[in-house]
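Numbering (this note's numbering), first residue to last: 58 to 602.
Below is one structure; the comments refer to it alone.
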């Protein structure tokens, strides 16, 4: 697909970088700051899905949509699509994991050595079963890999390493290594429980200590028309994670010991599968409550009589992780509120101002849909609900642009569009960035599997070409160490109370990022042809519609 420059004075506000000191630029920065300061204020209590703080934030977003003149695109003529949810809270102290191996019993310490979250399917979990080690627990015929070959896991708990084999393409592999795909494979082979070992290699992507913020936080899933929680497998009676430093007892008398398996995981040598001696006991109790929490949906109608029936979609998650509970607080920690200034008050604010820019001047040919979704932090739940219960025909959505936690901490010189290589959307992003003298950088973190980890992926699973756009890894100021800033945020502030308004947010960068996003939408919405997946692309083939 070829993207051409759109001429005309009506579009100059979006397409031309503002001059230094331009009043409209200052206004844009001020509006972005106002949105972020409101959404990340302590009064929101971390915007936990379904909470009073979240509902206040949703009403704020809807009021902004109305002020801009965007039309409601939720249910029953409103800006809201109510998502029916089951909320599960784990009873404090009820989680237990006991390993029984070679006549010895080992009771593990919750959070320090193992983790089990609340169960959405069972109020009481009590499971004792034998164990089978199944490598990574992945069955992927497309990649010529089957960890279940020659294993009998019927009626057993499947023990796996977190992560995926070294030789897998990162994003395709991440699809098969997802929690859902692993569970599907285990269910197909008759397993009744899942136990994932957190390894040193997986810690490079997700540190064990981050699990602490989940303690006391509810699990959530959306309820389908049959009254069941979508994505819950009744056959799987229990699941959990175990730290590799506590997993040695599982492998007593095993054909291959744990240290050797961990070496295989690091080096890329294939992991064998085999039955383990002994058993595991897993217990926990959960309380259940059915609630609702809204997605906020608005539309800018297109101007073309035919193309107006198609939609360019922007999506940003409005929820965050709420407040830490006593078991999740670190020693000496006083502030329990996870404000989520960058995650994701920043993304929602950029989406709001992207919408405002697109309402100025001549309307685009296609319609543009804006969605602030709920329950992203619970597993992309709100976006999945919209994707499977859309408020517009799903086939009419031509593309999706996701805005999730842009790191607005320095004057960026590049952007990253995760997923750009899979479809013609990469051309639009590249052209838009070029208009602002910004580079498009290929994914610098392929091992992080970011493309499958945010809300746009629920649209990908419906066959919609999508990108996840963030600020990049380069600065316009050569003296700025962007790697230090990025790693510092991820290590010290991500999913912690310090992701708050004390961060040095660069509102000039936020304004530029907003204008780039508006330009992307403008290009896609005015192109005669809808963007397509590249020929033979894995995601285009897998989720073809």
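Cβ atoms here follow ideal geometry from the backbone N, Cα and C, with glycine treated the same way.
Just so it is clear, the structure is predicted and the values come from calculations on it, not from any experiment.
By the Cβ test, the segment 578–585 is not in contact with the segment 533–543, since fewer than three Cβ pairs between them sit closer than 8 angstroms. By the neighbour-count criterion, in which a residue is buried when 16 or more other Cβ atoms sit within 10 angstroms of its Cβ, residue 534 is exposed.
Within the model, the alpha-carbon separation for residue 307 versus residue 170 is close to 13 angstroms. Residue 456 is a Cβ neighbour of residue 588, given a cutoff of 7 angstroms.
Take the alpha-carbon of residue 157 and the one of residue 242: they are about 26 angstroms apart. Just so you know, the alpha carbons of residue 459 and residue 432 end up roughly 15 angstroms apart. No Cβ-Cβ contact shorter than 7 angstroms links residue 154 with residue 413.
The alpha carbon of residue 553 has as its nearest neighbour, out of 399, 437, 561 and 576, the alpha carbon of 399. Secondary structure at residue 195: coil, using DSSP grouped into helix, strand and coil. The three-state secondary structure of residue 223, taken from DSSP, is coil.
Counting along the chain, residue 570 sits inside the alpha helix (DSSP H) bounded by residues 564–583. Assignment of residue 186 by DSSP, reduced to helix, strand and coil, places it in the strand class. In the displayed model, residue 122 falls within a helix according to three-state DSSP. In this structure, the CA atom of residue 219 is about 10 angstroms from the CA atom of residue 301. Per DSSP, the unbroken alpha helix (DSSP H) holding residue 513 starts and ends at 513–517. Put simply, the segment 345–363 touches the segment 112–128. At least three CB pairs are less than 8 angstroms apart. 449 is the residue among 482, 377 and 449 whose C-alpha sits nearest the C-alpha of residue 131.
Residue 150 holds the alpha-carbon nearest to the alpha-carbon of residue 172 among 150, 185 and 321. In its chain, beyond the 5 residues on either side, 228, 475 and 476 have a beta carbon closer than 6 angstroms to the beta carbon of residue 508. For residue 353, the enclosing beta strand (DSSP E) begins and ends at 330–357. Beta-carbon to beta-carbon, residue 103 and residue 380 are separated by about 5 angstroms, close enough to satisfy the 8 angstroms threshold.
Taking the C-beta atoms as reference points, residue 101 is found no nearer than 7 angstroms to residue 91.
For residue 471, the enclosing beta strand (DSSP E) has its first and last residue at 471–475. Take residue 110, set aside five residues on each side of it, and the residues of its chain with a beta-carbon closer than 6 angstroms to its own are 101, 102 and 104, in chain order. Residue 349 holds the alpha-carbon nearest to the alpha-carbon of residue 108 among 138, 486 and 349.
Within its own chain, the residues whose Cβ lies closer than 6 angstroms to the Cβ of residue 192, once the five positions on either side in sequence are excluded, are 204, 328 and 330, listed in chain order.
Leaving aside the five residues that flank residue 322 on each side, the residues in its chain whose CB is nearer than 6 angstroms to its CB run, in chain order, 218, 256 and 258. Between the segment 283–291 and the segment 259–275 there are fewer than three C-beta pairs closer than 8 angstroms, too few to call the two in contact. Exclusion of the five residues before and after residue 594 leaves 479 as the residues of its chain whose Cβ lies within less than 6 angstroms of its Cβ. Residue pairing from DSSP leaves residue 408 without any beta-bridge partner. Residue nearest to residue 232 within the set 194, 484 and 309 is 194 (criterion: CA-CA distance).
Counting along the chain, no beta strand (DSSP E) covers residue 442; the unbroken alpha helix (DSSP H) around it starts and ends at 438–445. Going by C-alpha positions, residue 313 is about 15 angstroms away from residue 335.
Within the same chain, and ignoring the five residues on either side of residue 139 in sequence, the residues whose Cβ sits closer than 7 angstroms to its Cβ are 132, 349 and 351. Check the Cα spacing between residue 152 and each of 164, 143, 141 and 144: the tightest is with 164. Inclusion of residue 497 and residue 490 in the CB contact set at 7 angstroms is warranted, their separation being smaller than that value.
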